[in-house]
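The block underneath contains the structure these notes are about, expressed in C-alpha cells.
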Amino acid sequence: MRIPRAVFSILVFVGTAAAVSSTGLGQQYEKPRDLSKAQLFSLSKGIEAYYLDTGELPKTLRDLITNRGMAKWNGPYSKPENIRGQNGEPFDYVVDSETHYTLTTVDNDGKRISRSSKD
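Reminder that position 29 of the sequence shown reads as 29 in my numbering, one-by-one numbering, no gaps.
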C-alpha cells in the first residue's frame, strides 16, 4: 500500500515537530541575559580592536563607528545599532584608566550585567 504524498508530508512535519520539542530545540535559543552578555562581549572585542589599532581606548562608543581624526583608525569597529543594549538604551561605557574600561547594560529582566577589560 502506497501512502499519498500529502499524508506523508504531514507525517514528516509532525515527526519533526515532535523531535524538536522533545530535544529542547524548540525553546528560545537565546535568553535575554545571554543575549546581553553576547552583546557586551561583541562590543568589548570592538573596543579591543580599536585599542590595538590606535594605541588608546575610545573616548565614547561612537568612536568605534566614526573616525574622530585618529591616524591609525581602521574601523568601523562596530555597527551603530550594536552600541545600544537590547532594551534600546546605550551601554554604559566608563574608561577607568588608559588601558581599562567597563561596559554595563540592563537585560530585559532589569538585572545589571557588566564586562570589563579586566575580565
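Backbone N, C-alpha and C define an ideal beta-carbon position, used for all residues, glycine too.
Original post:
When burial is assigned at 16 or more other CB atoms within 10 Å of the CB, is residue 30 buried or exposed?
Top reply: Legend: pLDDT at residue 30 = 48, less than 50; position of this residue unreliable, value from coordinates given subsequently. Exposed, because fewer than 16 other Cβ atoms sit within 10 Å of the Cβ of residue 30.
**OP:** Kindly list the residues whose CB is nearer than 8 Å to the CB of residue 79, restricted to its own chain and excluding five residues on each side of it in sequence; keep chain order.
**Re:** Excluding residues within five positions, the ones whose Cβ falls inside 8 Å are 65.
Subject >> Straight-line Cα distance separating residue 69 from residue 37 >> reply: 31 Å
**OP:** Taking residue 48 as the reference, give the member of 104, 113, 99, 114 with the closest Cα.
**Re:** 99
Original post:
Should residue 83 and residue 57 be called a contact, given that it needs their Cβ atoms to be closer than 9 Å?
Top reply: No, the pair does not count as a contact, with Cβ atoms beyond the cut-off.
**OP:** Using the DSSP secondary-structure output, state which residues sit across from residue 93 in a beta bridge.
**Re:** 103
Subject >> Buried or exposed (CB count within 10 angstroms, at least 16 for buried), residue 112 >> reply: When all chains shown are included, residue 112 counts as exposed.
Original post:
How many angstroms separate the CA atom of residue 76 from the CA atom of residue 108?
Top reply: Between the alpha carbons of residue 76 and residue 108 lies a gap of roughly 28 Å.
Subject >> Cross-strand partners of residue 115 (DSSP beta bridge) >> reply: 103
Original post:
For the candidate residues 86, 59, 39, 54, whose alpha-carbon lies nearest to that of residue 101?
Top reply: 59
Original post:
In this structure, does DSSP put residue 84 in helix, strand or coil?
Top reply: strand
**OP:** Would you mind sorting residue 170 into buried or exposed? The rule is 16 or more other CB atoms within 10 Å of its CB.
**Re:** Given that the chain is displayed from residue 1 to residue 119, the structure contains no residue 170 and the question cannot be resolved.
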